[in-house]
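Inspection log for the structure reproduced underneath, given as structure tokens.
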Ligand code: ADP
Ligand code: ASP
Ligand code: MG
């Protein structure tokens, strides 16, 4: 008998009929002789609607109250799913993040899971219950409710799989697996049979929102076999995520993603002396604002100053406005320029290691389409370019074609696929 953690996203539990379907998917695995923990997201667009509602009240809600508000979405779906399973004659019980023992750091909106005490879940599993857990939430000191960041139910599921030493973690969504790029943007995107944790992590970080980046980080850390599959096509095994060492790369690039949820901030005329960059990023860190790309211009003007540019998430913009003056004063900058017209386009592939010329090829493809690059950042297996929003679709299509991401299977596994 195995233990399987399943996770059902918002579209999979969008209405009562879909919740009844999910109940059947859960029972199917139970009848295969497994113990089941099912993690659920909020129904459909519930979280977006809750955020919209808060904005009708205030544009500066307290982080704590936002967590109280947003955590309600998953509580609705978990109880409805438990009822649907009970209705079909199987024992099910729903638990909030706190009841499931999910402890997080003391921070709201994007809290990290610190540890999980799975005692209560194990007890219910031993009593032959199917355990339904609310995704995206946990608790910290003083029993305060926290949330894990948008899309965080994936991380709840993988972290539970780690804590329970589950045999696998299946993420059910509205797509049939992980594709070379978002199948809603590039219709000819190809489903990947398998992808490495490393590549999936980079893809998730650069905007492939099919998985929450921290869920992939956790799966990699605990080596949890993970599948992304469709809740509407249960017979399809979807995409398997495994260690890079088990893979063989036939092409340099495995996937492509775009992210239009960032802003570029340029701090103008920062004196070229030690300590200024530290001051800027300390102020941002103290406000809990994460920074993605950073670029510093080369000081060659008479004032001996640089411009420092970086990107932040649009979600953090109102927090940024609160510290804008503090930033200017701390480093005596002349101005701060905010550029909202950006989209980040990235290519990812472990196959680009030891294959020179991939960056040049990406830049040339963009140049051929007369697309100007505003910023570039790279890692060992990723190249990102910031471009104007109006070019996003053209860039994605051109790069998908050039790197053969709309062709046949991209990455091959060494030997046979592990059976799960
Ligand atoms: P869920 O509600 O199930 O968590 P999400 O909306 O968070 O679903 O994630 C699924 C969506 O991710 C898909 O509908 C798809 O548009 C998008 N997506 C982006 N990049 C990819 C990709 N490379 N492969 C598959 N889906 C992707
Ligand atoms: N409901 C949350 C969101 O919409 C968490 C999740 O779905 O994973 O972001
Ligand atoms: Mg999601």
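Residue numbers (my numbering): 18 to 437. Glycine included, C-beta positions come from ideal geometry on N, C-alpha and C. Just so you know, these numbers come straight off a predicted model, no measurement behind them.
Bridge partner(s) assigned by DSSP for residue i
i, result
"residue 189", "25, 246"
"residue 327", "282, 311"
"residue 274", "363"
"residue 120", "132, 156"
"residue 288", "322"
"residue 151", "57"
"residue 110", "148"
"residue 239", "Residue 239 pairs with nothing; no bridge assigned."
"residue 392", "403"
Outcome for residue i when other beta-carbon atoms lying within 10 angstroms are tallied against a minimum of 16
i, result
"residue 392", "buried"
"residue 70", "exposed"
"residue 293", "buried"
"residue 187", "buried"
"residue 214", "buried"
"residue 95", "buried"
"residue 241", "buried"
"residue 35", "buried"
"residue 91", "buried"
"residue 33", "exposed"
"residue 290", "exposed"
"residue 505", "A question about residue 505 goes unanswered here, because the residues of the chain that appear run from 18 up to 437."
"residue 101", "buried"
"residue 204", "exposed"
"residue 174", "buried"
"residue 238", "exposed"
"residue 384", "exposed"
"residue 48", "exposed"
"residue 88", "buried"
"residue 196", "buried"
"residue 155", "buried"
"residue 84", "buried"
"residue 105", "exposed"
Euclidean distance between Cα positions of residue i and residue j
i, j, result
"residue 426", "residue 381", "The predicted position of residue 426 is uncertain, since its pLDDT is 44 and thus under 50; a value taken from the coordinates is nonetheless stated next. So the alpha carbons of these two residues sit roughly 25 Å apart."
"residue 397", "residue 131", "28 Å"
"residue 303", "residue 126", "15 Å"
"residue 201", "residue 177", "30 Å"
"residue 38", "residue 54", "16 Å"
"residue 428", "residue 19", "The pLDDT assigned to residue 428 is 47, lower than 50, so where the model puts this residue is not dependable, and the model offers no usable value."
"residue 22", "residue 115", "18 Å"
"residue 198", "residue 362", "11 Å"
"residue 171", "residue 151", "11 Å"
"residue 26", "residue 147", "18 Å"
"residue 345", "residue 368", "43 Å"
"residue 209", "residue 406", "27 Å"
"residue 169", "residue 42", "22 Å"
"residue 347", "residue 285", "13 Å"
"residue 164", "residue 112", "15 Å"
"residue 357", "residue 320", "28 Å"
"residue 416", "residue 251", "32 Å"
"residue 243", "residue 312", "35 Å"
"residue 122", "residue 80", "14 Å"
"residue 465", "residue 78", "Look at the range of the chain in this structure, 18 to 437, and you will see that residue 465 is not part of it."
"residue 194", "residue 366", "17 Å"
"residue 248", "residue 46", "13 Å"
"residue 86", "residue 162", "10 Å"
"residue 226", "residue 374", "28 Å"
"residue 98", "residue 189", "15 Å"
"residue 281", "residue 328", "4 Å"
"residue 399", "residue 364", "6 Å"
"residue 57", "residue 212", "24 Å"
"residue 308", "residue 330", "8 Å"
"residue 149", "residue 120", "17 Å"
"residue 246", "residue 185", "13 Å"
"residue 206", "residue 224", "16 Å"
Any non-hydrogen atom of the ligand ZN closer than 8 Å to residue i Cβ
i, result
"residue 189", "Looking for the ligand ZN in the displayed structure turns up nothing; the ligands present are the ligand ADP, the ligand ASP and the ligand MG."
Check your understanding: Is the segment 60 to 78 touching the segment 261 to 279 in the sense that three or more CB pairs, one from each, lie closer than 8 Å?
Key -> With the cut-off at 8 Å, the segment 261 to 279 and the segment 60 to 78 do not touch.
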